[in-house]
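Working notes, beginning with the structure itself.
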Amino acid sequence: MNTPRRQFLGLAGGLLAGGLSQSTLFGQDPQWTKPVHRVANVALSTQKAAPVSSAKADLVRGLEMARQSLTRSKTEVNDYTAILVKRERIGDTVGEHEYMSIKVRNRKEANGRLVQPFSVYLSFLKPSSVKGREVIYVENQNNGNIVAHEGGFKGRFLPTVSIPPTGMLAMRGQRYPMTEIGVENMILKLIERGEKALQFEDVHAEFRKGARLKDRSCTVLQLTQPTRRPDAEFHTAQVFMDDELDMPIRYIAYDWPNNADGRGEVIEEYNYLNLKVNVGLTDADFDPYNKDYNFHS
92 MNTPRRQFLG LAGGLLAGGL SQSTLFGQDP QWTKPVHRVA NVALSTQKAA
142 PVSSAKADLV RGLEMARQSL TRSKTEVNDY TAILVKRERI GDTVGEHEYM
192 SIKVRNRKEA NGRLVQPFSV YLSFLKPSSV KGREVIYVEN QNNGNIVAHE
242 GGFKGRFLPT VSIPPTGMLA MRGQRYPMTE IGVENMILKL IERGEKALQF
292 EDVHAEFRKG ARLKDRSCTV LQLTQPTRRP DAEFHTAQVF MDDELDMPIR
342 YIAYDWPNNA DGRGEVIEEY NYLNLKVNVG LTDADFDPYN KDYNFHS
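My numbering applies: residue 92 is where the sequence shown begins, and numbers increase by one.
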């Protein structure tokens, strides 16, 4: 591995909070200021749910909403753009909020044939150390690698690189590879975690209406798993479902608190702000030789 590749930093970071409080940034009620991702080729569960307690009834309802949202994404949503805001705990450290502009084309099949590969373009916005970084991934292209170049001061000297999305360089500082980014992948992850939570007797779910994420009206499902178990991935999680788009646009999960009155540390948080669907993205939006990009400038 040559020196520029070794120096290339993690590839899915983004924008620092920039001095704004989270409530100011997201434009939401203070109660929500404290609050996933694979190509959608996993079959939806067709099993009938067993009888559940009243505490789990909202979880069953939430799972049905998520399945409907996934179906809509698969059948009606061709592509979208958004500002992705994420925060993740890596090891024992919770990173700062990271922002990036994102373009996505959903994976589409017809008669068992891939007609539109899953495609992602990221443009990093802040902080200044990474501003200008760009990353592209297109399913079944470039030997399965991502194409990326650094921004900021490092970008003046380091070349554009092609590296595996699950390799050490691409995964540095990331919980998930770029191949698992996007709303559709997040829905799949939510369904998996919700179905797992149904197995636990003391799980409690609750719907809350009237929440807002920036300028979007949302319904929130909050899920709490009081008992720490090896296969339970969080203590509390919140999913913000956009009331108009009928799609999840925010997910945040917390660890178990250290005391009975506290809230646990953030494990992961993903927000899709200014989400616009079916905007008509083309192959050029995922081409590193696009004249509007800087991969080969």
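The beta carbon of each residue, even a glycine, is placed where N, CA and C say it ideally should be.
Taking the CA atoms as reference points, K217 sits about 12 Å from I174. When DSSP states are grouped into helix, strand and coil, I272 belongs to the coil group. A direct Cα-to-Cα measurement between A302 and V330 gives close to 11 Å. For D170, the secondary structure class from DSSP, reduced to helix, strand or coil, is strand. For A261, the uninterrupted alpha helix (DSSP H) segment begins and ends at 259-262. With fewer than 16 other Cβ atoms inside 10 Å of its own Cβ, P321 counts as exposed. In the three-state reduction of the DSSP assignment, T327 falls in the strand class, which pools E and B.
The Cβ atoms of A239 and V226 sit closer than 7 Å to each other. Nearest Cα to L336 within the set A146, D149, Q159, V221: Q159.
Here DSSP, grouped into helix, strand and coil, assigns T162 to helix. Looking at the DSSP output, S388 sits in no beta bridge, so it has no partner there. Residue environment for F248: exposed (fewer than 16 other C-beta atoms within 10 angstroms of its C-beta). Of the other Cβ atoms in all chains shown, fewer than 16 fall within 10 Å of the Cβ of Q290; this residue is therefore exposed.
Under the 10 Å beta carbon count, R198 is surrounded by 16 or more other beta carbons and is classified as buried. Check the Cα spacing between R180 and each of F377, N349, E359, N365: the tightest is with E359. By the neighbour-count criterion, in which a residue is buried when 16 or more other Cβ atoms sit within 10 angstroms of its Cβ, E187 is exposed. In the displayed model, F298 falls within a strand according to three-state DSSP. Short of 7 Å from the beta carbon of G242, and not among the five residues preceding or following it, lie these beta carbons of its own chain, in chain order: F215, V221, K222, G223, R224. T172 is a Cβ neighbour of K194, given a cutoff of 7 Å. In the DSSP assignment, the residues bridged to E359 are E179, A344. Cβ neighbours of P317 within its own chain (closer than 7 Å, five residues either side excluded): D293. The DSSP-derived three-state label of E241 is coil. Judged by their CB atoms, H295 and A201 are not nearer to each other than the 7 Å cut-off. By the beta-carbon neighbour count (other beta carbons within 10 angstroms, threshold 16), P348 is exposed. Y267 and L205 have their C-alpha atoms roughly 24 Å apart.
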